[in-house]
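Just so we're aligned: 302 in numbering that gives the first Met the number 0 is position 303 of the sequence shown, and the numbers increase by one with no gaps anywhere.
Backbone N, C-alpha and C define an ideal beta-carbon position, used for all residues, glycine too.
See structure below.
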Amino acid sequence: MTRDMTTGNPVKLILAFAVPIMLSSIVQQFYQITDTMIVGQFVGVNALAAVGSCGGIITMVIGWAGGLTSGFSIMVARSFGSGDEKKVSDYFLNSLLLCILMTAGMTAVLQIILPWIVDVVNTPQELKAEVTQYIRISFWGIGAAFLYNILSSVQRALGDSKTPLIFLGISVVGNLGLDLVCVAWLKMGVVGAAVATVVSQLFAGLLCLAFIIKKYPLLWKSRPKDAISGRYMKRLLGLGVPMALQFSITAIGNILIQSALNMLGTVYITAFTASSKIQGIFMSMFSSLGAALSTYVGQNMGAGKVKRIREGVRDCQIAALIFSGVAMLFLYFAGYYLVQIFSSDMTKEILDASSQYFHLVPFFYPFLSAIFLYRNALQGMGNGFVPMLGGVGELLARTISSAVLAPRIGFLGICLGEPLAWIFALVPLIPFYIHWTKKLLK
C-alpha cells in the first residue's frame with residue numbers, strides 16, 4: 000500500500016496521488032455542506048446563519064490539528080524516502096503521543112473559554128444560544144479530528160492516498176444519515192448537526208486505525224518505551240507547530256472577517272456562509288494538489304533529489320493554472336444557482352450578495368493555487384517558518400478588510416478580504432522557495 004515517489008514521471012505521480020486527496024477534500028467539504036444544507040432546509044435561515052457564524056472558530060481549531068499532523072507526517076515521509084523503517088515507526092509513535100496530549104489540553108482550555116470566544120466575534124444576540132451549543136459539541140470532538148488527521152496524514156506520507164478517501168466516504172454517508180435522524184426527525188437543530196459531524200469523523204478515524212494496525216506493520220516495529228524520545232518530539236513540533244500556527248493565524252483572519260460580517264446582519268452572514276461552502280469544494284482542487292506535492296517533496300528530500308523537486312513544482316503550477324481557469328468560469332455563471340441548494344428560504348438580497356461574491360473572488364484563484372503549491376513545497380522541504388510568515392500576511396490583509404474596508408463599503412469589503420489575503424500570503428513564499436532551492440542545489 001506504500002508508494003515510492005522518488006522515481007517516475009513527477010507530474011503523473013503527483014496528479015495520480017492528488018486525485019484521491021482531492022476527492023477526500025471534497026468529501027470533507029460535504030461534512031460541512033450536509034450540516035449546512037439540512038439545517039437550512041429543516042430548521043431555517045437563522046440556524047443556517049448560526050452554523051455559518053461559528054465557521055471561523057471551528058476552522059481555527061481543526062486547522063491547528065490539521066497543521067500539526069501534517070507537520071508530523073513530513074518526518075514520516077522523509078524517513079520513508081530515505082529507506083529508514085525504524086525511524087518511520089519512531090516518528091509515528093511519537094506523533095501519536097503528541098496528538099493525545101494536544102487533545103487533552105485543547106479540549107479542557109477551549110471548553111473553559113468558550114463563552115468569551117462567542118462574545119469576542121460579535122455573535123448576534125439572536126444566534127448566541129445556537130452558536131454556543133454547536134461550538135461546544137464541536138470542541139468535545141477535537142480528539143476525533145486529531146485521530147483522523149494524524150492517521151490519514153501518515154498514510155499519505157507513505158504513498159497511500161486512496162484508503163483515507165474510502166473511509167472518509169463511508170463516514171460521510173453516515174454523517175448524512177445522522178443529520179437526517181438528528182435534525183430532521185429528532186428535531187435537535189444545530190446540536191444534532193454538530194453531533195452527527197463529530198460521530199462521523201470519529202468513525203472515520205477508527206476505520207483508519209483498524210486498517211493501519213492490520214496493514215502497516217512497519218509503523219509498529221519500534222516498542223513505544225524505546226521509541227518515545229524528546230529529541231524526536233522536538234523535531235516533530237519544530238515542523239508541526241509552525242504549520243499549525245500558519246493554519247491558525249489564517250483562521251484568526253477568518254474570525255476577524257466573520258466578526259465584521261456578523262455586524263452586517265443575517266442576510267450577509269447567510270450569503271457568505273453559502274458562497275464559501277460552495278467555494279470550498281473548488282478550493283479542494285488546489286489544497287489537494289498541494290498536499291500531494293508535500294508528500295512528493297518530503298520523499299524526494301529524504302532521497303536528496305532537489306532537481307526533481309523543482310520539476311514537480313513547475314509542472315504542478317501549470318496544472319493549477321488550468322484548474323483555476325475552469326473554476327473561475329464555472330462559479331461566475333453557476334454560483335447564483337448553487338447557493339440555492341442550502342435553503343428554500345433564500346431571499347433576493349441573499350442571492351444578490353452571493354452573486355457579488357462569485358463575480359469577484361474566483362478571479363483571484365491563480366494566486367490561491369500558488370499559495371498551496373509553494374507553501375506545501377517549503378513545508379515538504381522542512382521549512383515551516385516561511386509558510387507561517389505567509390499566514391501572517393493573510394492575517395494582515397483580513398485585518399485591513401474587516402477593520403477598514405467592511406465599515407466603509409460593506410459586503411464588498413468582506414469579499415475583497417479573500418483575494419487580498421492570497422496576494423499578501425504569496426509575498427514571502429515564492430522568493431524564498433526560489434532562494435531555498437538554489438541554495439540546496441549548490
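query	result
Burial state of Tyr466, where buried means 16 or more other Cβ atoms lie within 10 Å	Nothing about residue 466 can be reported from this structure: the residues present for the chain run from 0 to 441 only.
Ile56 vs Ile254 beta-carbon contact at 8 Å	yes
Cutoff 6 Å; reference Gly507; Cβ partners in own chain excluding five residues on either side	Because residue 507 is not part of the residues shown, which for the chain are 0 to 441, the question remains open.
Inter-stretch contact at 8 Å, needing at least 3 Cβ pairs: the stretch 288 to 303 / the stretch 10 to 17	yes
Closest residue to Gly188 among Phe341, Gly389, Ala46, Leu439 (Cα-Cα distance)	Ala46
Distance, Gly392 Cα to Val385 Cα	11 Å
Closest by C-alpha distance to Val26, when choosing among Trp115, Leu164, Phe145, Asn261	Leu164
Distance CB(Val312)-CB(Leu372) smaller than 8 Å	yes
Candidates Thr196, Ile169, Ser170, of which the one nearest Val182 by Cα	Thr196
Terminal residues of the alpha helix (DSSP H) in which Glu125 lies	No alpha helix (DSSP H) holds Glu125; DSSP gives it neither H nor E.
Which of helix, strand or coil DSSP assigns to Ile25	helix
Unbroken alpha helix (DSSP H) run spanning Met232, endpoints	229 to 261
Start-to-end residues for the alpha helix (DSSP H) that takes in Tyr215	Premise fails: Tyr215 is in no alpha helix (DSSP H) and is neither H nor E.
Short Cβ contact (8 Å threshold) for Val10 with Ala318	yes
DSSP three-state assignment for Thr269, whether helix, strand or coil	helix
Own chain residues within Cβ distance below 7 Å of Ile61, not counting five before or after	Ala144
Beta-carbon proximity of Thr294 to Arg155, cut-off 8 Å	yes
Helix, strand or coil at Gly301 according to DSSP, with G and I counted as helix	helix
Cβ distance (whole Å) where Pro427 is taken to contact Leu388 below 8 Å	4 Å
Proximity test, Ser258 beta-carbon vs the ligand ATP heavy atom, cut-off 7 Å	Although the ligand ATP was asked about, the structure shown includes no ligands whatsoever.
Thr265 versus Leu126 - alpha carbon distance	9 Å
Nearest-angstrom beta carbon gap, Leu218 and Gly70 [assumed within contact, 8 Å]	The Cβ separation is near 18 Å, so there is no contact.
At least three beta-carbon pairs within less than 8 Å, the stretch 403 to 417 to the stretch 320 to 328	no
With 16 other Cβ atoms within 10 Å as the buried cut-off, status of Ile241	Residue identity differs from the one stated: residue 241 is Pro in this sequence, not Ile. By the 10 Å Cβ count, Pro241 comes out buried.
For Phe341, the three-state DSSP class (helix, strand or coil)	coil
N- and C-terminal bounds of the alpha helix (DSSP H) containing Gly412	410 to 440
Nearest neighbour of Ser81, chosen from Ala405, Ser152, Ala64, Asp3 [CA to CA]	Asp3
Proximity of Ile169 and Leu206 at Cβ, strictly below 8 Å	yes
Where Pro430 falls, given that 16 or more other Cβ within 10 Å makes a residue buried	exposed
Where Lys213 falls, given that 16 or more other Cβ within 10 Å makes a residue buried	exposed
Contact belief for Trp421 with Ser247 at Cβ below 8 Å, rounded distance in angstroms	No, Trp421 and Ser247 are not in contact; Cβ-Cβ is about 18 Å, not under 8 Å.
Pairwise C-alpha distance: Gly301 and Asp83	10 Å
Three-state secondary structure assigned by DSSP to Arg2	coil
Of the listed residues Leu185, Ala352, Ala376, nearest to Lys306 (C-alpha basis)	Ala376
Contiguous alpha helix (DSSP H) assignments of at least 4 residues, all confined to the stretch 65 to 151	84 to 119, 127 to 139
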